[in-house]
Structures are given as structure tokens and as C-alpha cells.
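Student:
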Amino acid sequence: VYNSFRAVKVTDFFFLLLHLRSQVKSESCVFAICDSPVFIWPNKCVHATPDEITPDTSCEDLYPTDEQESAGKRSAKKKIKKSLSPSVLNFHLMMEVTRPGPLSAPILSKTVKKSHFLTATLPMDCVVHTSCSDTLRDACEKLMEALINQLGEMEKVILQHMNGTTVLVPEPLHFLLPEPNGLVTVIFPAGMPDSQLETKRRELHKQYELPEDRPYFRRANAHHFPNEPYRDGYLRNPHLSLTHPTLDNGKVFLVQGIYSYHHYMQDRIDDNGWGCAYRSLQTICSWFQQQGYIERSVPTHKEIQQALVVVGDKQPSFVGSRQWIGSIEVQAVLNQLLNVTSKIMFVSQGSELASKGRELANHFLTEGTPIMIGGGVLAHTILGVAWSETTGQIRYLILDPHYTGAEDLQFITDKGWCGWKGPEFWDQTAYYNLCLPQRPKVI
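Sequence positions in the sequence shown follow mature numbering (1 follows the signal peptide of the UniProt record, and there is no 0) and run -26 to -1, 1 to 417.
#1: Look at the alpha carbon of A79 and the alpha carbon of I232, and state the distance between them as a whole number of angstroms.
#2: Skipping 5 residues on each side, what residues in its chain have a beta carbon closer than 7 Å to that of V20?
#3: In terms of alpha-carbon separation, which member of V102, D108, G75, V(-3) lies closest to L36?
#4: Does the contact criterion of 3 or more C-beta pairs under 8 Å hold for the segment 173 to 185 versus the segment 140 to 155?
#5: For Q256, collect the residues of the same chain with a Cβ closer than 6 Å to its Cβ; drop the 5 residues on either side in sequence, then sort them by chain order.
#6: In whole angstroms, give me the CA-to-CA distance for K330 and L209.
#7: Considering only their Cβ atoms, is the gap separating I368 from A328 smaller than 8 Å?
#8: Under the rule that 16 or more other beta-carbon atoms within 10 Å means buried, what is E177, buried or exposed?
#9: Quick check on the DSSP output: what are the complete beta strand (DSSP E) runs of length 3 or more inside the segment 346 to 403, in order along the chain?
#10: When the Cα of C409 is compared with those of H66, K317, L96, which residue comes out closest?
#11: Does DSSP put F199 in a helix, in a strand, or in coil?
#12: Going along the chain, which residues of its own chain have a beta-carbon closer than 6 Å to the beta-carbon of M68, five neighbours each way excluded?
#13: I'd like the span of the beta strand (DSSP E) that includes N64, first residue to last.
#14: Do N407 and residue 419 count as a contact pair if the criterion is CB distance below 8 Å?
#15: Give, in chain order, every unbroken run of the alpha helix (DSSP H) that is at least 4 residues long and sits entirely within the segment 86 to 170.
#16: I'd like the span of the beta strand (DSSP E) that includes A6, first residue to last.
#17: Exposed or buried, what is H66 when buried is set at 16 or more other beta-carbons lying within 10 Å of its beta-carbon?
#18: List the whole-angstrom C-beta distance separating M346 from V314, where the pair is believed to meet the contact cut-off of C-beta under 8 Å.
#19: Is it right to say A335 is buried, meaning 16 or more other beta carbons lie within 10 angstroms of its own, or is it exposed?
#20: Could you work out which residue in E202, W361, V351 is closest to F338 when comparing CA atoms only?
#21: Check whether the Cβ atoms of V121 and V12 sit closer than 8 Å, and answer yes or no.
#22: DSSP three-state call for S32: helix, strand or coil?
#23: Taking only three categories from DSSP, how would you classify C259?
#24: Which two residues bound the contiguous alpha helix (DSSP H) that contains N407?
#25: I believe P189 touches A164 by the beta-carbon criterion, under 8 Å. Please report the beta-carbon distance rounded to the nearest angstrom.
#26: Considering only residues of the same chain and omitting the five flanking positions on each side of D388, which have a CB-CB separation below 7 Å?
#27: Mapping DSSP to helix, strand and coil, what is V416?
#28: Measure the alpha-carbon distance for Q230 versus S(-5) and round it to whole angstroms.
#29: Hey, R372 and I356 are a contact pair by Cβ (cut 8 Å); roughly how many whole angstroms apart?
#30: Classify L(-11) as buried or exposed, calling it buried when 16 or more other Cβ atoms lie within 10 Å of its own Cβ.
#31: State whether the segment 250 to 269 contacts the segment 186 to 203, with contact taken as three or more CB pairs (one from each stretch) at a distance under 8 Å.
#32: Rounded to the nearest angstrom, what separates Q402 and G224 at their Cα positions?
#33: Is P97 closer than 8 Å to Q124 when the C-beta atoms are compared?
#34: Assuming G331 is part of the beta strand (DSSP E), what are its boundary residues?
#35: Pull up the distance between the alpha-carbon of E43 and that of Q279, whole angstroms please.
#36: Can you tell me which of the three DSSP states I232 falls into?
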């Protein structure tokens, strides 16, 4: 449920929030299903329009039909397609401002007095989980409870951080935590950096029994719903659409968290033939950014080159050139720009990579970061391994930075630009270095 309440000009936010709670509980409260003609009055016996929507209508019948999403919008029902992944149904929270019956003439009164007014917008944003078989009545009860609770949490944040005439607007964020917690909503004061919220985040870690060496509650970790497109244009986690290989007594060990796919020819830079290691490094940097470890943007090719000059690895003439870099340079840039340390794994020839299953599996199990591997004139990103401890069989999940096309997920996975590869993928006689970035131990 999402809507922005424009607060009336009052001097006491406490009474304002009481008023807002009474509005949410009133018969004027309305839920409008996005891309649908359905409107629901949750506090008026779950009254809805069109008339065929009743309190006993199941949640799956509320999804708009294809015709509604295009032009017709004649019917309010559609049987949702069966899917293993959860579907998202978006509601707008609204207030009915007109009442049935004759309207009285408006009356204008004017009072002149000195006072100080504050205005604020409360961006209410609640999430509840229901099954398809739950009724509309059940869903509305959960939504109303979530809305009232969220207003209460917003009141705490406002009063806690109110300083004279300054008000920090509360900001609801959703975080998908490890089981058994699932999706939880947290209210932070908007505009306050993560560095000033460490005490609050520590309290949340204790509340949900989470370890204090990973930043679960930084803003970058906020859950991204599947129907919300990313604005920067990069693909996220293309490997999730792949089927895992089957090995005898094998297990799959994957990158943990979200990363962006960086490859040749992006960002209006023609790096075809020389920029593969830069792109693999950018993918790694995006992982640290989107897990909340860093707040800076993913470095450009020039920023990467400048960092290598600063640490003394390259001469000033290196900036602006088309010279390759390798795993050692990737390690140096991660340390210089992100303050991230890395381990280097040396492999004298590609045929030895097949024996590194245990080390690679342990990396993805404990650190979970993408790995950059360079050998000869090529660089790739390793996102996971499928490995059998009993037979020694191994498959590598490779994200290939040499791709030069558009951000077409199906084409990228169908053509193997992101896919599982066998030991034969590597040059059996080439020398390889692997850069294994380590997670900072921070909350």
C-alpha cells in the first residue's frame, strides 16, 4: 500500500498523527488497486466496486486481466497464473473527500494570528503477505493493521528526531531477511545517513537475531520488488534465470546478494578488446554497493586507472589509455577505492582449476562475493560453482564481460554469456590469477 499524506498545517505533530490514524480507521479510507477499476472501502464492511467484488472474493481474483491493463478494463477478475514466485498486487491508499447527499454551501472564515506552521508529507508504504486463497476481508484486515502500526512507528521517529522547527520525515523501508524473519518493514528518518543510524541498526540486529558482521539494514539492502524496474538500465543477477547443473552428490555454491552485469560497450565507452577486467571489476564494485558496504558509485574506467596511478602501480600516462589490467590490479583498486581486501589464488595452468572446487565453494559459502579471474588476455567473473566432493566434478557459473549487445536477459542466458561452464572452458595451459574479494566485517 502506498500513498503520501499531505499533513495539515498544525503545531502539534502528536495530535496530527492521531488525526491521521482516525482517518485511516474511518469509512472514508479507500484502497484503489493499481491498473484496475477496483476500489475498496475496508472500514465500510469491505464494500467494493464493481459489485461482483465481495468481502469473500479471493485475493487471486483481484489481479487485473490483460484486457484491463491495455484498454478495455471491463472486468475486475482474472485467475492469476500459477507461479512458483510470489506475485505483487499494488494498492493506492486514498481518502474519500465527498459524501453522498446534498452538499451545503462552503463557508469561509478568517482568523489572523501569529503562529509557526510546519508541513510534512508522510510516505506511507506497507507490505503484507497473503495467500491466493485468502479472502478480501482477510487481506484488508492485515492492511489496516499494518497501516495503523506504521503510523505509530512514524510518530516515534518524528518525536524522537524533532528539533525545534526541524522535522525529519519518517521513511519506511522493506528488508528481506534470512529465514525465519522474511520481509520486515523498518522506519528510518529520511535524509539521515546510514553512518548515523548504527545504534538503531544494532538494535534491529539484536531484535531479529542477526549477526553483526553484515549490513542487513543499510538503505542499499532495501528489498526491490520484481515489478519495480531499475532506473540505471543494468541487468541484475541474470544467473537467477538459469537451471543448476546436476552432479553426482554435488552441491551448488552461489554469489550471495545482488550485483549488476557490466560488460563491453556500456556507458558509451568502446572498450571492446581491452576492458574485460575493468568490467569484471565494475561488477564486483556493484555487489559491494548494492549490499550496502559502500555508498560511492561504481568506478569508471578512468577512475580505475587513476586509482592505480595513486597507489604507484602505473605511470600517469596510463590514465586514458587502453591498456589491460589483471587480477593484481583489481585487488589494488578494490583496496584503494572501496577499502576492500582480497585474496589472490594463483593457478599455474588452467587444468589445475578443476582441483580448486573446495576453495571456491568455501569462498561463496563464507564471503559470497563475485570472483574476478584473469588468464592470458581474457578476464571473466565467476559467480558460483557446482562441485561434488566425492567425484571431484565441477562446473563454473561464468558472467562474461566480453558481451557487446543490449540488456536482453533471454539472449544473454540462451547464448551463454551468463551460464554454467565445464573445466574445458579454461585454457588448459594458460596461467590464471583469481581475485577473491573479502566482506568487510561491519554492521
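Glycine included, every Cβ here is placed at the ideal spot set by N, Cα and C.
Tutor: Judging by the given coordinates:
#1: For the purposes of this step, residue 79 is identified with residue 105 of the sequence shown, where counting begins at 1. For the purposes of this step, residue 232 is identified with residue 258 of the sequence shown, where counting begins at 1. When rounded, the distance between both Cα atoms is 57 Å.
#2: Translated into positions along the sequence shown, residue 20 becomes position 46. So the list reads I14, P29, L110, R111, C114, once near-sequence residues are dropped.
#3: To locate residue 36, count along the sequence shown from 1; it is residue 62. The shortest C-alpha separation from L36 is found at D108.
#4: yes
#5: As a first step, residue 256 must be located in the sequence shown, where it is residue number 282. So the list reads H236, V272, once near-sequence residues are dropped.
#6: The residue given as residue 330 occupies position 356 in the sequence shown. The residue given as residue 209 occupies position 235 in the sequence shown. Rounded to the nearest angstrom, the two C-alpha atoms are 29 Å apart.
#7: Locating residue 328 in the sequence shown gives position 354, counting from the first residue. Locating residue 368 in the sequence shown gives position 394, counting from the first residue. In this structure, I368 lies closer than 8 Å to A328 by Cβ.
#8: By 1-based counting over the sequence shown, the position of residue 177 is 203. The residue in question, E177, is exposed, as its Cβ has fewer than 16 Cβ neighbours within 10 Å.
#9: 352 to 362, 368 to 373, 392 to 395
#10: As a working note, residue 409 is residue 435 in the sequence shown. Ranking the options by Cα distance to C409, first place goes to K317.
#11: In the sequence shown, counting from the first residue as 1, residue 199 sits at position 225. Coil at F199, not helix or strand.
#12: For the purposes of this step, residue 68 is taken as residue 94 along the sequence shown, with counting starting at 1. Same-chain partners within the cutoff: V4, A6.
#13: Residue numbering aside, residue 64 sits at position 90 when the sequence shown is read from its first letter. Looking at the DSSP string, N64 is not in any beta strand (DSSP E), and its letter there is neither H nor E.
#14: In the structure displayed, the chain extends from -26 to 417; residue 419 sits before or after that span and is not available.
#15: 110 to 135
#16: On the sequence shown, position 32 is the one that residue 6 refers to. Looking at the DSSP string, the run of the beta strand (DSSP E) that includes A6 is 3 to 7.
#17: Walking along the sequence shown from the start, residue 66 turns up at place 92. By the 10 Å Cβ count, H66 comes out exposed.
#18: Counting from one through the sequence shown, the residue named residue 346 turns up at place 372. Counting from one through the sequence shown, the residue named residue 314 turns up at place 340. About 12 Å separates the two Cβ atoms, so there is no contact after all.
#19: Residue numbering aside, residue 335 sits at position 361 when the sequence shown is read from its first letter. Buried: at least 16 other Cβ atoms inside 10 Å.
#20: If you number the sequence shown from 1, residue 338 lands on position 364. Closest by alpha carbon: W361.
#21: Taking the first residue of the sequence shown as position 1, residue 121 is located at position 147. Taking the first residue of the sequence shown as position 1, residue 12 is located at position 38. This sequence places Leu at residue 121; Val is not what is there. No, the Cβ-Cβ distance between L121 and V12 is not below 8 Å.
#22: Residue mapping note: residue 32 aligns to position 58 of the sequence shown, counting from 1. It is a strand residue.
#23: For the purposes of this step, residue 259 is taken as the residue at position 285 of the sequence shown. Here C259 sits in helix by DSSP.
#24: The count along the sequence shown starts at 1 and reaches residue 407 at position 433. Note, N407: premise wrong, no alpha helix (DSSP H); beta strand (DSSP E) at 406 to 411.
#25: Within the sequence shown, residue 189 is the residue found at index 215, counting from 1. Within the sequence shown, residue 164 is the residue found at index 190, counting from 1. Actually they are not in contact, since the Cβ atoms of P189 and A164 sit about 19 Å apart, beyond 8 Å.
#26: Residue numbering aside, residue 388 sits at position 414 when the sequence shown is read from its first letter. Answer for D388: no residue qualifies.
#27: Along the sequence shown, read from residue 1 onward, the residue named residue 416 stands at position 442. Reduced to three states, the DSSP call for V416 is coil.
#28: Here the question's residue 230 lines up with position 256 in the sequence shown. Here the question's residue -5 lines up with position 22 in the sequence shown. Cα to Cα, the separation comes out at about 43 Å.
#29: For the purposes of this step, residue 372 is taken as the residue at position 398 of the sequence shown. For the purposes of this step, residue 356 is taken as the residue at position 382 of the sequence shown. As written in the sequence, residue 372 is Ile, which differs from the Arg given in the question. With 8 Å as the limit, I372 and I356 qualify as a contact, their Cβ atoms being about 6 Å apart.
#30: Here residue -11 refers to the residue found at position 16 when the sequence shown is read from its first residue. Buried is the call here.
#31: yes
#32: Here residue 402 corresponds to residue number 428 of the sequence shown, with the count starting at 1. Here residue 224 corresponds to residue number 250 of the sequence shown, with the count starting at 1. Each residue's alpha carbon lies about 23 Å from the other.
#33: The count along the sequence shown starts at 1 and reaches residue 124 at position 150. The count along the sequence shown starts at 1 and reaches residue 97 at position 123. Cβ distance not < 8 Å, so Q124 and P97 don't count as in contact.
#34: Counting from one through the sequence shown, the residue named residue 331 turns up at place 357. That residue, G331, is in no beta strand (DSSP E); its alpha helix (DSSP H) goes 331 to 340.
#35: Residue 43 sits at position 69 when you count from the first residue of the sequence shown. Residue 279 sits at position 305 when you count from the first residue of the sequence shown. With a pLDDT of 47 at E43, under the threshold of 50, the modelled position of this residue cannot be trusted, and the question is left open.
#36: In the sequence shown, the residue the question calls residue 232 occupies position 258. I232: coil per DSSP, three-state reduction.
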